[in-house]
Amino acid sequence: AQSVTQLDSHVSVSEGTPVLLRCNYSSSYSPSLFWYVQHPNKGLQLLLKYTSAATLVKGINGFEAEFKKSETSFHLTKPSAHMSDAAEYFCVVSDRLMEYGNKLVFGAGTILRVKS
Amino acid sequence: NAGVTQTPKFQVLKTGQSMTLQCAQDMNHEYMSWYRQDPGMGLRLIHYSVGAGITDQGEVPNGYNVSRSTTEDFPLRLLSAAPSQTSVYFCASSPVGDGYTFGSGTRLTVV
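Top to bottom, those sequences are chains A and B.
By this note's numbering, the letter at position 61 of the first sequence is numbered 63, and the numbering carries on one by one without gaps.
By this note's numbering, the letter at position 2 of the second sequence is numbered 3, and the numbering carries on one by one without gaps.
Have a look at this one:
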């Protein structure tokens, strides 16, 4: 069975400093991994995805994540936080077997606060 | 604009009432899913579909029905609303083996 653990429910950084949001996953098969962002009262937007190509994945708005199979981790980073990055971030794992319908399993979310 | 369209955006129901949340996508995606979002719990899968005529249960299916008569539409029916179904509901679609595109959500309150 798949599962996702986001290690921090809240992260607070100052504007201009690096962002690290931590995610560990468990999957019985070769997983696809995603990061989604949700701004207040908005829908979910795909930041980036890993689907077994390069292990370092670059996404939108300067975010990137590294797939580490040995550590079963997929941490999200950004070199310099911007006020507009304040939002809730979800780490998501998907089983790519068709019979599972590409089901997504979500972590509980990490709320990122950016201080000026 | 292409994407996933959910209606309504807001709804208040009385306990015991039924209703249908609509979801339509125009990207010809095979996979469609319904999720509910509750504070501190991320999103949980209610039902999903791998193509027209094929549906299956997710993690929290009780109290909900779905059907998929066309590729484009995937409505979610609440049979007899309960306060525990107060939540934000998201519909999403994806092509095979790729990430999901989410709708903007339906905020449902059951009183």
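Cβ coordinates follow ideal geometry from the N, Cα and C atoms, glycine included.
What residues in the stretch 73 to 91 of chain B have a beta carbon less than 8 Å from any beta carbon of chain A?
Within the stretch 73 to 91 of chain B, the qualifying residues are 91.
Using a beta-carbon distance below 8 Å, is residue 22(B) in contact with chain A?
Cβ-Cβ to chain A under 8 Å: no for residue 22(B).
Taking residue 47(B) as part of the beta strand (DSSP E), name the residues at either end of that continuous run.
For residue 47(B), the uninterrupted beta strand (DSSP E) segment begins and ends at 44 to 52.
Would you say residue 59(A) touches the ligand NAP, meaning its beta carbon is less than 7 Å from a heavy atom?
Because no ligand of any kind appears in the structure shown, any question about the ligand NAP cannot be addressed here.
Residues in the stretch 101 to 112 of chain B having any Cβ partner in chain A nearer than 9 Å
Per Cβ criterion, the list reads 101, 102, 103, 104, 105, 106 and 108.
For residue 111(B), which residues from the same chain have a beta carbon less than 7 Å from its beta carbon, with the 5 sequence-adjacent residues on both sides left out?
So the qualifying residues of the chain are 14, 16, 82, 83, 84, 86 and 87.
By alpha-carbon positions, which one of 50(A), 89(A) and 73(A) ends up nearest to residue 114(A)?
In terms of Cα proximity to residue 114(A), the closest of 50(A), 89(A) and 73(A) is 89(A).
Rounded C-alpha distance that separates residue 81(A) from residue 21(B):
C-alpha of residue 81(A) to C-alpha of residue 21(B): approximately 44 Å in a straight line.
Give me the DSSP bridge partner(s) of residue 89(A).
114(A).
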